[in-house]
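Chains X and Z are the protein sequences, given in the same order.
Numbering (the numbering used here) for the first sequence: 1 to 163.
Numbering (the numbering used here) for the second sequence: 1 to 163.
Number of protein chains: 2
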Amino acid sequence: MTKKKIATLDRTDLKILQALQDDGGLTNQQLAERIGLSPSPCSRRVQKLESAGVIVRRETVLDPRALGLDLTAMIQISMDRHTPERFANFEATVKQYPEVQQCYLVTGQEADYLLKVVVPDIDHYQQFLLNKITRIEGVSGVQSSFIMRRVIDTTALPLDYVE
Amino acid sequence: MTKKKIATLDRTDLKILQALQDDGGLTNQQLAERIGLSPSPCSRRVQKLESAGVIVRRETVLDPRALGLDLTAMIQISMDRHTPERFANFEATVKQYPEVQQCYLVTGQEADYLLKVVVPDIDHYQQFLLNKITRIEGVSGVQSSFIMRRVIDTTALPLDYVE
DNA sequence: TTATTCGTGGAATATTATTGCGTGAAAGGT
DNA sequence: ACCTTTCACGCAATAATATTCCACGAATAA
Numbered sequence: 001m002t003k004k005k006i007a008t009l010d011r012t013d014l015k016i017l018q019a020l021q022d023d024g025g026l027t028n029q030q031l032a033e034r035i036g037l038s039p040s041p042c043s044r045r046v047q048k049l050e051s052a053g054v055i056v057r058r059e060t061v062l063d064p065r066a067l068g069l070d071l072t073a074m075i076q077i078s079m080d081r082h083t084p085e086r087f088a089n090f091e092a093t094v095k096q097y098p099e100v101q102q103c104y105l106v107t108g109q110e111a112d113y114l115l116k117v118v119v120p121d122i123d124h125y126q127q128f129l130l131n132k133i134t135r136i137e138g139v140s141g142v143q144s145s146f147i148m149r150r151v152i153d154t155t156a157l158p159l160d161y162v163e
Numbered sequence: 001m002t003k004k005k006i007a008t009l010d011r012t013d014l015k016i017l018q019a020l021q022d023d024g025g026l027t028n029q030q031l032a033e034r035i036g037l038s039p040s041p042c043s044r045r046v047q048k049l050e051s052a053g054v055i056v057r058r059e060t061v062l063d064p065r066a067l068g069l070d071l072t073a074m075i076q077i078s079m080d081r082h083t084p085e086r087f088a089n090f091e092a093t094v095k096q097y098p099e100v101q102q103c104y105l106v107t108g109q110e111a112d113y114l115l116k117v118v119v120p121d122i123d124h125y126q127q128f129l130l131n132k133i134t135r136i137e138g139v140s141g142v143q144s145s146f147i148m149r150r151v152i153d154t155t156a157l158p159l160d161y162v163e
């Protein structure tokens, strides 16, 4: 197993990435001006970063409250048996549920999976748990926490460590 | 306390939002074609959704592995005293740390805060915990889980519930 | 020193976004 | 039932933006 290749990034690339993380809605011209480069090489660098896989995708972030989605829960889920089939089935099932924003397989004795789930209210949450999560084969433990305040909520990575 | 106003969205708006959630990199023309509308009203609708606050922002998502950020941890943090000052101080401190992608104040007896933290490796994680988290006044309990696999990782909301 | 490579900026071109305007459908008032 | 108002649409014109082409200069290697 080879280690994932890390693209070579110079200071300009990092400035581009930082700027795009700060504001994903920047036009190429704005970006170029912000990092002190003319538009053409800036555009070329962004394209290179995209095809190199450093830039994975663009996302449009919506306001859950504006859409009446007022409850976000973090769920810890533990499985009874740690077989590949159990895990594969759980993951395939959960992928079908649009309420699930995040599903991570994690270390730790408390839980096997951590989920982040968005629903309109606690009634829908109850239905989601009962009809969808607890019905999945192998789910033995479920513990919920509800988000009261989002102090930090971003997809930005710490670029200070890079290079 | 009034309830947050929910914008009136017709089927076309929802199709736009869904398409933009699926692919935040769509041009207006592509978006228009995809939802069966000509570019001009499509652009106008998107602008309206932005100024109404339904569309909050655009994000550029980077690949942590391409940047050598190979460890992502979910941390449960509990506080010794639940005073507003403790919380305010904790939140203000944590906001200064670029490693923290998410910080939520949550319900539940297990923890007060849930954090998602990105670092290069476990050595840096240890340093982050020791030098930054455990030094914050009032932090009494810290429990870490490390992400082994990202099954689902998106900011997309479930639009099926809307309307 | 000379040759090669590489990224840059400016100009030209291509693509995309936005605005103005006329039209028709639906809703509200009389 | 009629008229009026409102609203969103599409097309066309315009504006803005992105991308490609090309020549230049700096850095590196021979």
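Note that the Cβ used here is the ideal one computed from N, Cα and C, for glycine as well.
Since we're looking at a predicted model, the values are computed, not measured.
Interface flag, residue i vs chain Z, CB-CB below 7 angstroms
| i | result |
| --- | --- |
| Ser145 (chain X) | yes |
| Gly141 (chain X) | no |
| Thr155 (chain X) | yes |
| Val117 (chain X) | no |
| Val54 (chain X) | yes |
| Arg44 (chain X) | no |
Reference residue i, options the options, closest by Cα
| i | options | result |
| --- | --- | --- |
| Arg149 (chain Z) | X:Leu105, X:Gln96, X:Val151 and X:Gln29 | X:Leu105 |
| Asp10 (chain X) | Z:Gly25, Z:Ala19 and Z:Leu67 | Z:Leu67 |
| Arg135 (chain X) | X:Glu33, X:Lys48, X:Ile77 and X:Gly36 | X:Ile77 |
| Arg45 (chain Z) | Z:Pro64, Z:Leu26, Z:Leu14 and Z:Asp70 | Z:Leu14 |
| Ile122 (chain X) | X:Ile133, X:Thr8, X:Glu50 and X:Phe146 | X:Phe146 |
| Tyr161 (chain X) | Z:Asp70, Z:Val61 and Z:Leu26 | Z:Asp70 |
| Arg57 (chain X) | X:Thr83, X:Gly25, X:Ala88 and X:Pro41 | X:Gly25 |
| Gly53 (chain Z) | X:Gly53, X:Pro64 and X:Ala52 | X:Pro64 |
| Lys132 (chain Z) | Z:Glu110, Z:Ala92 and Z:Asp112 | Z:Ala92 |
| Gln127 (chain X) | X:Tyr97, X:Gly108 and X:Ala88 | X:Tyr97 |
| Thr107 (chain X) | Z:Gln143, Z:Thr107 and Z:Pro84 | Z:Gln143 |
| Ile111 (chain Z) | Z:Tyr125, Z:Lys95, Z:Thr12 and Z:His82 | For the record, residue 111 (chain Z) in the displayed sequence is Ala; it is not Ile. Checked all of Z:Tyr125, Z:Lys95, Z:Thr12 and Z:His82; the closest Cα to Ala111 (chain Z) is Z:His82. |
Inter-residue spacing [alpha-carbon to alpha-carbon] between residue i and residue j
| i | j | result |
| --- | --- | --- |
| Ala151 (chain Z) | Glu99 (chain X) | Rather than Ala, the amino acid found at residue 151 (chain Z) in this sequence is Val. Their Cα atoms are separated by approximately 14 angstroms. |
| Met1 (chain Z) | Asp23 (chain X) | The predicted model places Met1 (chain Z) with a pLDDT of 45, which falls under 50 and marks its position as unreliable, so this point remains unresolved. |
| Leu31 (chain X) | Ser38 (chain Z) | 29 angstroms |
| Asp153 (chain X) | Cys103 (chain Z) | 7 angstroms |
| Asn28 (chain X) | Glu33 (chain Z) | 24 angstroms |
| Lys116 (chain X) | Met74 (chain X) | 5 angstroms |
| Leu49 (chain X) | Ile55 (chain X) | 6 angstroms |
| Leu62 (chain X) | Gln21 (chain X) | 17 angstroms |
| Ile35 (chain Z) | Ala19 (chain Z) | 8 angstroms |
| Arg86 (chain Z) | Leu129 (chain X) | 33 angstroms |
| Gln109 (chain X) | Leu17 (chain Z) | 39 angstroms |
| Gln101 (chain X) | Ala156 (chain Z) | 7 angstroms |
| Leu114 (chain Z) | Asp80 (chain Z) | 15 angstroms |
| Cys42 (chain Z) | Thr8 (chain X) | 39 angstroms |
| Ser40 (chain X) | Tyr125 (chain Z) | 39 angstroms |
Interface residues of chain Z facing residue i [CB-CB closer than 7 angstroms]
| i | result |
| --- | --- |
| Leu17 (chain X) | Leu62 |
| Pro98 (chain X) | Pro158 and Asp160 |
| Pro120 (chain X) | Tyr161 |
| Thr12 (chain X) | Result: empty, since nearest Cβ-Cβ is about 15 angstroms, beyond 7 angstroms. |
Partners in chain Z for residue i, counting only beta-carbon separations shorter than 8 angstroms
| i | result |
| --- | --- |
| Gly24 (chain X) | Gly24, Arg57, Arg58, Glu59 and Thr60 |
Partner residues on chain X for residue i, Cβ-Cβ distance less than 7 angstroms
| i | result |
| --- | --- |
| Cys103 (chain Z) | Val151 and Ile152 |
| Leu37 (chain Z) | Result: empty, since nearest Cβ-Cβ is about 17 angstroms, beyond 7 angstroms. |
| Met79 (chain Z) | Those within 7 angstroms of Met79 (chain Z) in chain X number zero; the least Cβ separation is about 13 angstroms. |
| Thr107 (chain Z) | Ser145, Phe146 and Met148 |
Interface residues of chain X facing residue i [CB-CB closer than 9 angstroms]
| i | result |
| --- | --- |
| Glu33 (chain Z) | The contacting residues do not exist; Glu33 (chain Z) stays about 17 angstroms from chain X at best. |
Interface flag, residue i vs chain X, CB-CB below 7 angstroms
| i | result |
| --- | --- |
| Gln21 (chain Z) | yes |
| Glu137 (chain Z) | no |
| Thr83 (chain Z) | no |
| Leu114 (chain Z) | yes |
| Glu50 (chain Z) | no |
Chain X residues whose Cβ lies nearer than 8 angstroms to that of residue i
| i | result |
| --- | --- |
| Thr27 (chain Z) | Within 8 angstroms Cβ-Cβ: nothing; Thr27 (chain Z) doesn't reach chain X, min ~11 angstroms. |
| Lys95 (chain Z) | Val151 and Ile152 |
| Glu124 (chain Z) | Looking at the sequence itself, residue 124 (chain Z) is His, so the reference to Glu does not match. The answer, in chain order, is Tyr161. |
Anticipated Cβ contact below 8 angstroms, residue i with residue j, distance rounded
| i | j | result |
| --- | --- | --- |
| Gly138 (chain X) | Phe90 (chain X) | 6 angstroms |
| Val118 (chain Z) | Thr72 (chain Z) | 5 angstroms |
Residue i: CB within 6 angstroms of a non-hydrogen atom of the ligand ATP
| i | result |
| --- | --- |
| Gln29 (chain Z) | As for the ligand ATP, it is missing from this structure, which has no ligand bound. |
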